[in-house]
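For reference, the structure discussed in these notes is given below.
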Amino acid sequence: MSDPSAHFDLTLVREALSSSTLSHGLKIIGDHRTAQVVVGAFLGVRRFDDWLARTNIPRPTLAERLKALVQMDILRPRMYQERPERYAYHLTTKGMALYDSVLMIWDWEVKYGERPRSLPRRLIHKGCAHAFHPELICGACGERASMHDLQYRLEPNPKLPHDSGESTRTPRLRADSETDFSLGLRVDRWSLLIVAAVTLGCHYFDQLSFVLRIGPGVLSKRLAGMVDSSLLVCEADHSDARRRRYRLTASSRGLFGYIVCLANWAGTHHFREPSSIRPAHRACGQPFIPKVACSHCHQPLKPWEVSFEWPDGEAS
Ligand SMILES: [Zn+2]
Ligand SMILES: [Zn+2]
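Heads up, the sequence shown is in my numbering, so the first residue is 4 and it goes up one at a time.
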């Protein structure tokens with residue numbers, strides 16, 4: 004097998020990744036706490052105390068995340084009590100546009116997560132009255148699309164700032180017992196960026212360290228953590244047994260839907276700039292704009308057309 008690293012431009016991959024809408028989008032809403040608040044909002048949570056009851060977010064953190072989501076025009080507060088002042092938080096149009104990403108979080112958690120009881124067990128599409136799984140489709144041709152159906156053109160967008168890379172603090176590789184993952188996604192920003200880098204063809208330690216600007220000590224810990232949680236497989240390289248090669252697993256390939264939906268939302272609704280990573284759908288040749296559809300009737304999904312069934316059988 005030939006060494007693929009010889010055939011592509013690592014500097015271009017580095018520039019494209021660091022100025023991608025994925026990297027910046029994850030920075031503004033990709034942290035676990037923010038994801039918990041957003042997923043909660045789609046499940047009908049409106050009030051501060053209800054988020055507290057549904058998640059383990061500490062009070063000051065919840066207040067800070069709600070404020071940030073209001074500033075980004077994802078949530079809008081409406082006063083429902085004057086003394087003391089109390090607000091209900093509603094999703095704005097821009098917030099509603101995160102629905103595809105939220106469906107992809109649900110899909111991944113149900114397939115590969117620990118099936119937390121805090122997430123609905125089944126989703127029902129009111130349009131066709133069937134239980135469904137969210138499926139990723141191409142917005143141009145309407146066909147199902149997976150990671151393998153796309154090709155990527157890298158074109159660093161100078162209007163999107165460049166990331167300086169990994170901060171110097173030690174990575175938070177939290178054991179599941181330390182954090183309650185109710186509602187949010189169990190995978191952090193850097194793990195998602197590593198999945199994106201592998202998708203773009205970086206399979207070796209030195210390549211990942213270069214394109215993501217992560218020092219060797221921190222990267223070793225991150226990769227080991229991802230191998231432990233079955234997000235990566237590390238194996239001897241076919242062409243050089245002294246080299247280790249990282250590849251994706253079914254679980255990390257399953258994160259692809261979330262990655263493309265989040266990157267698309269960030270480019271379309273937040274930064275209003277095309278990403279530096281431009282996927283195209285091989286089958287139809289068009290730029291790939293992700294949509295999430297019902298697996299039963301194949302129609303794109305709207306938040307108000309979906310109802311939930313909870314693990315205890317209660318519907319809403
Ligand atoms: Zn297509
Ligand atoms: Zn349907």
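Think of the CB as a built atom: it goes at the ideal place given N, C-alpha and C, for glycine as much as any other residue. Bear in mind the structure is a predicted one, so any value in this text is a computation, not a measurement.
Check your understanding: With DSSP run on the structure shown, which of helix, strand or coil describes P7?
Key -> Taking the sequence shown and counting its residues from 1, the one referred to as residue 7 is at position 4. Per-residue confidence for P7 stands at a pLDDT of 48, beneath the threshold of 50, marking its modelled position as unreliable; no derived number is given.
Review point. With respect to 7 angstroms, is the separation between the Cβ of C131 and the closest non-hydrogen atom of ligand 1 below this value?
Key: The count along the sequence shown starts at 1 and reaches residue 131 at position 128. Relative to ligand 1, C131 has its C-beta separated by 7 angstroms or more from all heavy atoms.
Point to revise | Burial state of N267 (16 or more Cβ within 10 Å) | key: One-based indexing of the sequence shown puts residue 267 at position 264. With at least 16 other beta carbons inside 10 angstroms of its own, N267 counts as buried.
Check your understanding: Which residues are close to ligand 1, meaning CB closer than 6 angstroms to any heavy atom, in chain order?
Key -> Residues with a Cβ closer than 6 angstroms to any heavy atom of ligand 1, in chain order: C141, A143, C144, E146, H284, A286, C287, Q289.
Exercise for review: Ignoring anything shorter than 4 residues or poking outside the region 256 to 290, list the alpha helix (DSSP H) runs there in chain order.
Suggested key: Listed in chain order, the complete alpha helix (DSSP H) runs (minimum 4 residues) inside the region 256 to 290 are 259 to 268.
Point to revise | Per-residue DSSP class, three states only, for Q154 | key: The sequence position of residue 154 within the sequence shown is 151, counting from 1. The answer is strand: DSSP assigns Q154 an E or B state.
Practice item. Report yes if the C-beta of H136 is less than 7 angstroms from at least one heavy atom of ligand 2; otherwise report no. Key: In the sequence shown, counting from the first residue as 1, residue 136 sits at position 133. Residue side-chain check: H136 keeps its Cβ at 7 angstroms or more from all non-hydrogen atoms of ligand 2.
Exercise for review: Could you pull the start and end residues of the alpha helix (DSSP H) that E312 belongs to?
Suggested key: Your numbering for residue 312 matches position 309 in the sequence shown. Where E312 is concerned, there is no enclosing alpha helix (DSSP H), although the beta strand (DSSP E) it sits in stretches over 309 to 312.
**Study point:** Residues near V105 in its chain [Cβ-Cβ closer than 8 angstroms; skip 5 each side]
**Key:** Counted from its first residue, the sequence shown places residue 105 at position 102. Cβ neighbours of V105 beyond the five flanking positions: V41, V42, F45.
Check your understanding: What did DSSP end up calling M107 once you bin it into helix, strand or coil?
Key -> Looking up residue 107 in the sequence shown gives position 104. If DSSP states are grouped into helix, strand and coil, M107 belongs with the helices.
Review point. Do R285 and L153 have their CB atoms nearer than 8 angstroms?
Key: For the purposes of this step, residue 285 is identified with residue 282 of the sequence shown, where counting begins at 1. For the purposes of this step, residue 153 is identified with residue 150 of the sequence shown, where counting begins at 1. Yes, these two residues count as a Cβ contact at 8 angstroms.
Check your understanding: Any chance the CB of C297 is under 7 angstroms from a heavy atom of ligand 2?
Key -> Here residue 297 refers to the residue found at position 294 of the sequence shown. Distances taken from the Cβ of C297 to the heavy atoms of ligand 2 include one shorter than 7 angstroms.
Check your understanding: Quick one: what's F135 bridged to in DSSP?
Key -> As a working note, residue 135 is residue 132 in the sequence shown. Beta-bridge pairing links F135 to L126.
Practice item. Report the option in F11, L101, T202, A100 whose CA atom is closest to the CA atom of L258. Key: Within the sequence shown, the letter at position 255 stands for residue 258. Each of F11, L101, T202, A100 was checked against the Cα of L258, and the nearest Cα belongs to T202.
Check your understanding: Going by the CB atoms, is the gap between E112 and L188 shorter than 8 angstroms?
Key -> Locating residue 188 in the sequence shown gives position 185, where the first residue counts as 1. Locating residue 112 in the sequence shown gives position 109, where the first residue counts as 1. Contact: yes.
Point to revise | Span of the alpha helix (DSSP H), counted from its first residue to its last, around P219 | key: Locating residue 219 in the sequence shown gives position 216, where the first residue counts as 1. In the DSSP assignment, P219 falls within the unbroken alpha helix (DSSP H) covering 219 to 231.
Practice item. Enumerate in chain order the residues of its own chain whose CB-to-CB distance from A227 is below 8 angstroms, with the five nearest sequence positions on each side excluded. Key: The residue you call residue 227 lines up with position 224 of the sequence shown. Excluding its 5 nearest sequence neighbours in each direction, A227 has no C-beta neighbour in its own chain below 8 angstroms.
Review point. Under 7 angstroms from any heavy atom of ligand 2, does the C-beta of Q302 make it?
Key: The residue given as residue 302 occupies position 299 in the sequence shown. Yes, ligand 2 has a heavy atom inside 7 angstroms of this Cβ.
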